[in-house]
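Chemist: Mapping of the sequence shown onto this note's numbering: residues 163 to 732, in sequence order. Heads up, the beta-carbon is just placed ideally off N, CA and C, and yes, glycines get one too. Questions regarding the structure given below will be posed in turn.
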Amino acid sequence: MARKAVPTPAYYLNDFHSVLQGVEQLHGSLLNADEEAYIRKLKALSLPAQHLHARLVNRKGPYFRVARLAYPEIGGLDQPIAELIAHRLLERCVTLPPAPRQARLLACFTVPELVAALKDHPAPKRACRAVLLDWLKAWEGFAAWGSNLLTGYQLVELPESDPWPFLRFLFFDELRKNLSDFVTRALGHIVTESFAPENLRPCFTSRAQADDAYRMACLYQRFAEIRDTRSALELLEWWRGHGIERDALADGQSWFDRLVDRLGRRLERENAIDAAMALYATSPIAPARERQARLLIKTGQPAEAAAQLRRMQAAPCHPQEEYAARQLLARLEKKPRRSEARQVQLAGRTITLNYEPRYGFGGGSMTVEAAVLAHYRAQGWNGVHAENWLWNASFGLLLWDIIYDPALGGFHSPLQFAPSDLHGPEFYSRRSQAIEARLQCLHQPPQAYQIISRHIRAKQGLANPFVAWHEALPDILAVMLERVPPDGHACVLRQMARNYRHLSHGFLDLFIWNENDYRFIEIKSENDHLAAHQFEWLRFFAEAGIKVSLEKVQRPRQIASPQVKEAKSP
């Protein structure tokens, strides 16, 4: 896809206004008085001041050395800085900030500058930034020294109460996106599906939703920043200090659950088992329920573990959680310890192949999947290393117009890669009628291929989470439509639509076919084991009438011709 040219040197200001306009149009009724006043002040600024503010809010801050700011399209900065300060959109930094923001302030200085400023003090002379900052933090003279340091430089800072981060979150629905994403699209590096402004819908319908989602996103971001600097128990104390209860959140539960999972595993690694169990109990979904059950077993509480596992079985979040519940219950009930996945792997076919794995630069690579594929090609089969990309491409290209239908309210930003409900249960429920009607097309392969081809021609190159664009894609999908039973094909795509977050990966490694047959193959080398999600797809395919096999590959000690030892296939 051809690259586009950035229209003017002031492109970022246009993008800045696009965000403000989008927020006003979609979430104007949710804004408070301070946020409305902020937008009015921005619009009333002189053009140079608007330019500077748009530049600063898109940079890593909140502190800036004025001497290092230079923008040709703005010119002199004294007047715009004074104007921003007069409107309380910028502040002069003359004193040390509170401890959490001190490291960000010191990031404005190079290590040699800090060392030079400490020449009359007993500071480490050849230390890296991290060591130097740790020393400064512990030094009793830091406050006085820091205030004196600031007198020699002109620094400005964005106010801590600046509404821009929240407004940006309303527009993008995530913290990591910013105005640079507009530039990436303008240059043609990433091109997404386009939507008319009137087809966009707000991502939040109440202020409580917006506030809770933003708060949880910020807390998770902060957790990611500090998790390597504190012990697990210190992190737990920090988290508990915020007093957040999941049931009280109007939105942001996904961030809550993710934080609980990451912190809980850290507590486990540091052997704070009771604390980890108590933390997992605050998240009622996967994977916290499984982790809690495993710890209950570990700490000798089988009855409590069994009760938790039965709850998981009664209402599993996804097939892998149901599988884990079955295996752990079997362990508690003293049944054979060999897991279902292990039993299937042992029953698979064994292929003895003589090949040399090659890794790294220079010689290319020969993976075990490539070796098996070469083995079948030598026997007259065609095939590809399909794994996740083939089924995801089938899902995305057959259902593209349904997935990206703006009438369903899943798009609130012109830069989205996919609908905001893709990873939730409402994705399928909102589209079930259209999806089921489209899946019926699989019974007419030429009709299904026509739909896929139309989407390939119209959407080629667009960024999306489903399709990895390449030239061979149409031909391979055509073979798939001809060979895979329509009902089985539909079962897999329906399963993906119901829970795309957990069921868009773990597919079988190879897709092979010849004039009369086809098969999906899961490959396992001598030291590899079948994972739960791989086992579940293997079983699901077989139950849906799709031909599958699991094949274990071993290498002979001496050179020998490839041979296949037949065993029972799953």
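For the candidate residues VAL345, HIS574, VAL318, whose alpha-carbon lies nearest to that of GLU245?
Modeler: Considering only alpha carbons, the answer is VAL318.
Chemist: May I ask you to list the residues that DSSP assigns as paired with TYR173?
Modeler: DSSP output for TYR173 lists no bridge partner at all.
Chemist: Look at the alpha carbon of LYS686 and the alpha carbon of LEU700, and state the distance between them as a whole number of angstroms.
Modeler: So the alpha carbons of these two residues sit roughly 13 Å apart.
Chemist: Pick out the complete beta strand (DSSP E) segments inside the segment 257 to 334, 3 residues or longer, and give them in chain order.
Modeler: Fully enclosed beta strand (DSSP E) runs of 3 or longer: 317 to 319.
Chemist: On the CB-based measure, 16 or more other CB atoms within 10 Å of its CB, does ARG402 come out buried or exposed?
Modeler: ARG402 should be labelled exposed.
Chemist: Grab the span of the alpha helix (DSSP H) containing PHE697 for me, first residue to last.
Modeler: Looking at the DSSP string, the run of the alpha helix (DSSP H) that includes PHE697 is 694 to 705.
Chemist: I'd like to confirm the pairing. Which residues does DSSP put opposite HIS189 in its beta bridges?
Modeler: Note: HIS189 sits in no beta bridge, so no partner.
Chemist: Threshold first: 3 residues or longer. Then list the beta strand (DSSP E) segments lying entirely within the segment 622 to 696, N to C.
Modeler: Here the runs fully enclosed are 672 to 675, 680 to 686.
Chemist: Three or more C-beta pairs under 8 Å: does that hold for the segment 586 to 593 against the segment 368 to 380?
Modeler: In short, these stretches do not touch, since the Cβ pair count stays below three.
Chemist: Excluding five sequence neighbours on each side, which residues of the same chain lie with their C-beta closer than 8 Å to the C-beta of ALA431?
Modeler: Rather than Ala, the amino acid found at residue 431 in this sequence is Arg. Cβ within range, chain order: ALA394.
Chemist: For the alpha helix (DSSP H) containing GLN541, list its first residue and its last residue.
Modeler: From DSSP, GLN541 is part of no alpha helix (DSSP H); its letter is neither H nor E.
Chemist: With DSSP run on the structure shown, which of helix, strand or coil describes ILE513?
Modeler: ILE513 falls in the strand class under three-state DSSP.
Chemist: Measuring straight from C-alpha to C-alpha, what distance separates ILE614 and ARG347?
Modeler: The straight-line gap from Cα to Cα measures roughly 25 Å.
Chemist: Please name the residue, chosen from GLN316, ASP637, TRP562, that lies closest to ALA625 on a Cα-to-Cα basis.
Modeler: Among GLN316, ASP637, TRP562, the Cα nearest to that of ALA625 belongs to TRP562.
Chemist: Per DSSP, what kind of secondary structure is TYR611 in: helix, strand or coil?
Modeler: Helix at TYR611.
Chemist: Does the segment 526 to 542 come close enough to the segment 320 to 332 to have 3 or more Cβ pairs within less than 8 Å?
Modeler: Contact fails: fewer than three Cβ-Cβ distances are below 8 Å.
Chemist: On the DSSP bridge assignment, give the partners of TYR225 in chain order.
Modeler: Bridge partners of TYR225: GLU319.
Chemist: Cutting at 7 Å between CB atoms, please list the residues of its own chain near PHE523, excluding the five before and the five after it.
Modeler: With a pLDDT of 47 at PHE523, under the threshold of 50, the modelled position of this residue cannot be trusted; read the value that follows with caution. There are no such residues.
Chemist: Could you give the distance in angstroms between the alpha-carbon of ARG456 and the alpha-carbon of MET439?
Modeler: Straight-line Cα distance between these residues: approximately 9 Å.
Chemist: Pick from ARG499, LYS287, LEU577, ARG660: whose alpha carbon is nearest that of ILE597?
Modeler: Selected option, being the one with the closest Cα: ARG660.
Chemist: Whole angstroms are fine: how far does the CA of ALA706 sit from the CA of ARG500?
Modeler: If I take the Cα positions, the gap works out to 25 Å.
Chemist: Rank ALA476, GLN609, GLY668, HIS664 by C-alpha distance to the C-alpha of LEU639 and give the top, closest one.
Modeler: The shortest C-alpha separation from LEU639 is found at GLN609.
Chemist: Which residue comes first and which comes last in the beta strand (DSSP E) that contains LEU239?
Modeler: That residue, LEU239, is in no beta strand (DSSP E); it is neither H nor E in DSSP.
Chemist: Sorted by chain position, which residues of the same chain lie with C-beta nearer than 6 Å to HIS179's C-beta, five sequence neighbours on each side aside?
Modeler: Nothing meets the Cβ criterion.
Chemist: State buried or exposed for PRO576, treating a residue as buried only when at least 16 other CB atoms are found within 10 Å of its CB.
Modeler: Label assigned to PRO576: buried.
Chemist: In the DSSP assignment, find the alpha helix (DSSP H) that holds SER711 and state where it starts and stops.
Modeler: Here SER711 belongs to no alpha helix (DSSP H); instead the beta strand (DSSP E) covers 710 to 716.
Chemist: Would you say the segment 259 to 275 touches the segment 295 to 310, given that touching needs at least three Cβ pairs under 8 Å?
Modeler: Because the criterion of three Cβ pairs below 8 Å is met, the segment 259 to 275 and the segment 295 to 310 touch.
Chemist: Is DSSP giving HIS605 helix, strand or coil here?
Modeler: Residue state, collapsed to three classes: helix.
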